[in-house]
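A.B. asks: As numbered in the working numbering, residues 18 to 316 make up the sequence shown, in order. For reference, the structure I am asking about is given below.
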Amino acid sequence: MTKNLTINDLANKLNLSIATVSKALSNKNGIAEATKLHVLNTAKELDYKPNYWAKSLVNHKSNIIGLLVPSLNESFYRNLVDSFFATAESKGLNILLFITGNNQKIEHQQILRVLSYNPQGIILTSSTNDFENHKVLLKKIPKVIFIDPYSKKDNFSSIQINHANSVYDAIDSSIKHGYEKFACFCEETNELSENQKFSGFINALIDNNKELNPLWINYGKFTFDDLFKIVKDLKKNNQLPEMIFASNEKYSLKLHSIFNKLKLKVPENVDFICYDDGIENLTYDFPYCVIKQPIAEIT
C-alpha cells in the first residue's frame, strides 16, 4: 500500500521548512511568489493531499461540519444532504455525514465522532426533542444547528418547519375548494414532525366542523397489507372519503400502488394529497397534490 505523502515529506523534498510549505499551500502572505509557485507545482506533481484532520488538531479548528440525519431512505433527507454538500462546497467547507437510524444511542455516538474532528459546527436532524444526553457534548461544539425538532431551553440555533401549519393550510384550502370528507394515513413514529402533521390535519377538520370518521382517521405503523385492507374495505363498503392525506413518502408510495391494484381513479374516485419533497420526481399515473418542504431555504 502506498503511503500518503505528508506535509513533512513535502517539506523535506523541497528542502523547506514545514511552516513555509504550509503558508504556500494555504496561499498566505509572508512568502515569495516564486517559492509559493514551486511548492504548489511540486505538491501537484507528487499528488499531495492535505490532511485536514491533522491540521485541525494543530490549529484547534477545522473547515469540517458534521451533518447527522436519521436515514437516506426518504427523498427529503437525500435532497437535504445534496443541498448541504453543494452549499458547503461553495463556502470551502467539508461535510462529514452520519446516519443515526432514528436511534438516540447511535446519535450520541455519532456526536462523539464529530467532536473528534474539531468541527466548526454540527447540523442535526434529530429523531427526538429530548437532548439531555447530548447537551454536554453539544456545548463543546462552536455552532450547533437543529433542523426540526430542537431544544428551546438550551438556546441552540434551529431551523424549524411548521409541519402542523403546512398540513392545516393544505386541508383548509381543500375545504374552501369544496371538499367535505377527508381521510388520513399518518405514521406513528418517535419523530416530532409526524405528530405535528397529524395534529395539523385533525385541527383543520375540527376548526371547519368537518366529520372525524374513525374509519378515515388512521394513525399508526401500517404495513402495505394493513393499508391495502383499510382502503379495500372503504371501497367495498362505499365509504371512501373525497380526499386522502398521506403524511410521508413511504405511505404515499404504498397508497399509490394500492390505488392501482384496486383500480381507484384519482381524482374521479378519491383525491390524493401527500407530504414530502421529492415525490413529484416520481412517476405517478394520476394527478395529486404535494406539500413540499423548503430544502433550498433550509440549507
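Think of the CB as a built atom: it goes at the ideal place given N, C-alpha and C, for glycine as much as any other residue. All figures in this text were calculated on a predicted structure; none of them were measured in a lab.
Where DSSP assigns a beta bridge to serine 274, which residues make up the other side?
C.D. replies: According to DSSP, serine 274 bridges with nothing at all.
A.B. asks: Taking the continuous alpha helix (DSSP H) assigned at phenylalanine 245, which residues delimit it?
C.D. replies: 241–253
A.B. asks: Expressed to the nearest angstrom, what Euclidean distance is found between the alpha-carbon atoms of methionine 18 and leucine 110?
C.D. replies: For methionine 18, the pLDDT reaches just 40, beneath the cut-off of 50, and the residue's location in the model is therefore unreliable, although a value from the coordinates is still provided. Roughly 29 Å separates the two Cα atoms.
A.B. asks: Which first and last residues belong to the alpha helix (DSSP H) in which valine 38 is found?
C.D. replies: For valine 38, the enclosing alpha helix (DSSP H) begins and ends at 35–42.
A.B. asks: Less than 6 Å between C-beta atoms, sequence neighbours within five positions excluded: which residues of the same chain meet that for tyrosine 65?
C.D. replies: Excluding positions up to five away in sequence, the list reads Leu22 and Leu27.
A.B. asks: Report the rounded CA-to-CA distance for threonine 117 versus glycine 217, giving the unit in angstroms.
C.D. replies: Straight across, the Cα-Cα distance linking threonine 117 with glycine 217 is about 27 Å.
A.B. asks: Please report how far the alpha carbon of lysine 170 lies from the alpha carbon of cysteine 201, in whole angstroms.
C.D. replies: Unreliable placement is indicated for lysine 170, whose pLDDT of 47 sits below 50; the coordinate value is still reported in the next sentence. The alpha-carbon atoms of lysine 170 and cysteine 201 are separated by roughly 33 Å.
A.B. asks: With burial defined as no fewer than 16 other Cβ atoms inside 10 Å of the residue's Cβ, what is the status of lysine 7: buried or exposed?
C.D. replies: Nothing can be reported for residue 7: it is not among the residues displayed for the chain, which extend from 18 to 316.
A.B. asks: Run through the segment 83–134 for me and flag every whole alpha helix (DSSP H) of 4 or more residues, listed as ranges in chain order.
C.D. replies: 92–107 and 121–132
A.B. asks: Among the candidates Ile290, Asn254 and Asp250, whose CA atom is the shortest distance from the CA of tyrosine 268?
C.D. replies: It is Ile290.
A.B. asks: Which residue from Leu31, Lys278 and Ser264 puts its Cα closest to that of lysine 61?
C.D. replies: Leu31
A.B. asks: Could you work out which residue in Lys246, Asn182 and Leu257 is closest to isoleucine 275 when comparing CA atoms only?
C.D. replies: Lys246
A.B. asks: Cβ atoms of valine 98 and leucine 114: under 8 Å apart, would you say?
C.D. replies: yes
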